[in-house]
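Read through the structure below, which is laid out as structure tokens, and then see the notes.
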Amino acid sequence: MNDLTLHIRKKSVNTKPRKLYLYKQGKILETTDKSGKHYYLFFYKDHFINGVKADAISISSYLHLAIRDGISFDASHPTCELLLDNKTDYTLSTFNHLFKKLQEKYPATEMLIILSFFDSFIKPEKIQQLAKKLFYQYRRNGQLFNAYRMIATYYQFSPKDSFADDMVHAFEFEQNRVRYEDILTLHQTNKDPLYVEAKCFKANRTDLDNQILFDIYQEENRIIDALALHLATIDQKINKDKLDQIDLLISEHLPDKQQGEIWNGLIVKIKDDPELLKIVMEKLFKQEQYETLAKLLFTYDIKLDESQSEMIATLIEKIEPTIFSGIDDIDHLFDRLYQLLENNSHQLELVMEKCFTHYLSIYSVSELAEKLEGIENKGRKLPITEKIKKMHDLIDNPDQQLTLGELYLEFKQLEKAISCFEWEMELSPNDKKPLQYLYKTYQAMGNKVEANNFKQLLMNL
1 MNDLTLHIRK KSVNTKPRKL YLYKQGKILE TTDKSGKHYY LFFYKDHFIN GVKADAISIS
61 SYLHLAIRDG ISFDASHPTC ELLLDNKTDY TLSTFNHLFK KLQEKYPATE MLIILSFFDS
121 FIKPEKIQQL AKKLFYQYRR NGQLFNAYRM IATYYQFSPK DSFADDMVHA FEFEQNRVRY
181 EDILTLHQTN KDPLYVEAKC FKANRTDLDN QILFDIYQEE NRIIDALALH LATIDQKINK
241 DKLDQIDLLI SEHLPDKQQG EIWNGLIVKI KDDPELLKIV MEKLFKQEQY ETLAKLLFTY
301 DIKLDESQSE MIATLIEKIE PTIFSGIDDI DHLFDRLYQL LENNSHQLEL VMEKCFTHYL
361 SIYSVSELAE KLEGIENKGR KLPITEKIKK MHDLIDNPDQ QLTLGELYLE FKQLEKAISC
421 FEWEMELSPN DKKPLQYLYK TYQAMGNKVE ANNFKQLLMN L
């Protein structure tokens, strides 16, 4: 995630995104500058509105409720990248300027909702005055439904306001009040989707609440909100239909890498369900997310069927040795590789070669040979493990350093191979072999100067 530059009056502040919060119609991106000061960027649906610097958060404010009851993601999550869409510069306006801008761009009810996002930073009287003004304006014009809609919206985020409480419960609005109490019907008639959304978006949402929210998001094409809600409710209801809905959203709007991140985040939640795991694995494979898929297979005890043998073969061919970084339990890894490939010695040999190529870069041959004792004790032998044992036997043999260097080369351990060849060159100064290996190894490392030095030595010899 790129840093964001916030333009505040005549100065610019570089900030790092930390968290994204989704709450009702709003989204809030939390960022911090180099001194740890917090800045919050507010979005209405997917549109940037304004940002504020906040040293403290007022209890029960919109910002506080968003952090407490909203859906949250780390800033590295694909939803955040989707929201920012590579934009890195944001201008923070004064609230007087913001007020004028909102009047020009948004209908009255939406303007009131947006201003409520900043209830920690705007005097409550200003929002109340606007609500009253709009309410009386509608009522004078005989637009009782619009008047009630306005005051009901205001009452949602200011339930302690006595004026709003009186008007919402006034006899003249009894018919509207009854209508608003039936959220499902209000939703189905599409009379006030803003009110319905805010009402349904709460900490203890029911299945009906979630379904209504999904309907609204689909109607308004709000991809980020729909995806966030799917991910937030995955623990309550996870099945093939749920995965298909997520797939439909991300396949249209996210690049393959970010799709892979979404699926990878779901793995822990579905690792005990073979059917769902198979679905996710096939999606990762289709998107060529080989690294994510390999870590999934190597970490969890997933049972595969014969139909997936081609997938495994392609996976083993494509992955790089670095795939094993972060997998510290080598005993479990080796057990897992044997489980996956016990009937295919060629593939097992190939993946073990990549495995040892990685681990030889962080362990000594002696340490790795010791870890292999567990494999030997289980009666498992492979040519590749025999090579490691042979390397271990050659380490302290000064007459076999050329052979040891050749084995290091097989595992792409160029620095270690060079040490062996240099030792051999000292012992046998008239032998061309160590010089040839040193020339080729330095070439492979991209060190043309050293490679040419050994090329010259070969010519002189």
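Taken in order, the sequence shown gives residues 1 to 461; the numbers are from the UniProt record's numbering. Cβ coordinates follow ideal geometry from the N, Cα and C atoms, glycine included.
Heavy atom of the ligand MN within 7 angstroms of residue i beta-carbon
i: residue 308; result: As presented, the structure is devoid of all ligands, the ligand MN included, so that no description of it is given.
Candidates the options, of which the one nearest residue i by Cα
i: residue 351; options: 366, 325 and 320; result: 320
i: residue 33; options: 240, 50 and 12; result: 12
i: residue 19; options: 78, 153 and 315; result: 78
i: residue 197; options: 274, 25, 363 and 73; result: 25
i: residue 457; options: 444, 446, 437 and 445; result: 437
i: residue 3; options: 381, 329 and 39; result: 39
i: residue 251; options: 227, 271 and 235; result: 227
i: residue 258; options: 31, 288, 420 and 380; result: 288
i: residue 406; options: 380, 433, 381 and 386; result: 433
i: residue 21; options: 6, 105 and 76; result: 76
i: residue 27; options: 229, 159 and 166; result: 229
i: residue 234; options: 87, 31, 210 and 386; result: 210
i: residue 236; options: 29, 205 and 440; result: 205
i: residue 247; options: 374, 279 and 444; result: 279
i: residue 455; options: 444, 447, 435 and 445; result: 435
i: residue 94; options: 285, 272, 10 and 199; result: 10
Alpha carbon of residue i to alpha carbon of residue j, nearest angstrom
i: residue 215; j: residue 291; result: 35 angstroms
i: residue 360; j: residue 413; result: 7 angstroms
i: residue 45; j: residue 212; result: 16 angstroms
i: residue 50; j: residue 107; result: 18 angstroms
i: residue 303; j: residue 116; result: 52 angstroms
i: residue 136; j: residue 150; result: 10 angstroms
i: residue 368; j: residue 389; result: 9 angstroms
i: residue 449; j: residue 254; result: 45 angstroms
i: residue 189; j: residue 97; result: 36 angstroms
i: residue 176; j: residue 67; result: 32 angstroms
i: residue 120; j: residue 63; result: 8 angstroms
i: residue 168; j: residue 262; result: 43 angstroms
i: residue 36; j: residue 15; result: 9 angstroms
i: residue 109; j: residue 74; result: 31 angstroms
i: residue 104; j: residue 312; result: 58 angstroms
i: residue 401; j: residue 424; result: 6 angstroms
i: residue 338; j: residue 90; result: 53 angstroms
i: residue 469; j: residue 47; result: The structure shown does not extend to residue 469, since the chain is modelled only from 1 to 461, so the question has no answer here.
i: residue 403; j: residue 299; result: 35 angstroms
i: residue 6; j: residue 92; result: 7 angstroms
i: residue 387; j: residue 316; result: 20 angstroms
Residue i, enclosing alpha helix (DSSP H) - first and last residue
i: residue 217; result: 207-219
i: residue 169; result: First-last for residue 169: undefined, no H or E at that position.
i: residue 153; result: 144-157
i: residue 127; result: 124-140
i: residue 89; result: Element bounds for residue 89: not the alpha helix (DSSP H) but the beta strand (DSSP E), 89-92.
i: residue 441; result: 432-445
i: residue 175; result: 174-181
i: residue 201; result: It is not in any alpha helix (DSSP H) - residue 201 carries neither H nor E in the DSSP assignment.
i: residue 103; result: 95-105
i: residue 274; result: 274-286
Boundaries of the beta strand (DSSP E) in which residue i is found, first to last residue
i: residue 74; result: 71-74
i: residue 41; result: 38-44
i: residue 18; result: 11-23
i: residue 7; result: 4-8
i: residue 461; result: It is not in any beta strand (DSSP E) - residue 461 carries neither H nor E in the DSSP assignment.
i: residue 47; result: 47-53
i: residue 189; result: Looking at the DSSP string, residue 189 is not in any beta strand (DSSP E), and its letter there is neither H nor E.
i: residue 30; result: 26-32
Interface flag, residue i vs chain D, CB-CB below 8 angstroms
i: residue 23; result: Chain labels in this structure do not include chain D; a single protein chain is all it has.
Exercise. Give a yes or no on contact between the segment 51-67 and the segment 134-154, applying the rule of three or more CB pairs nearer than 8 angstroms.
Key: no
Quiz prompt | Unbroken stretches of the beta strand (DSSP E), 3 residues or longer, contained in the segment 314-356 | solution = none
Quiz item: With contact counted as at least three CB pairs below 8 angstroms, one residue from each stretch, are the segment 217-234 and the segment 170-184 in contact?
Solution: no
Quiz item: Counting pairs of beta carbons, one from the segment 148-159 and one from the segment 121-133, are three or more of them closer than 8 angstroms?
Solution: yes
Quiz prompt | Ranges of the alpha helix (DSSP H) found wholly within the segment 357-422, counting only runs of at least 4 | solution = 365-371, 373-377, 383-394 and 401-410
Quiz item: At a cut of 8 angstroms, does the segment 386-402 reach the segment 334-350 through at least three beta carbon pairs?
Solution: no
Quiz item: Hey, is the segment 80-90 in contact with the segment 264-279, meaning 3+ C-beta pairs nearer than 8 angstroms?
Solution: no
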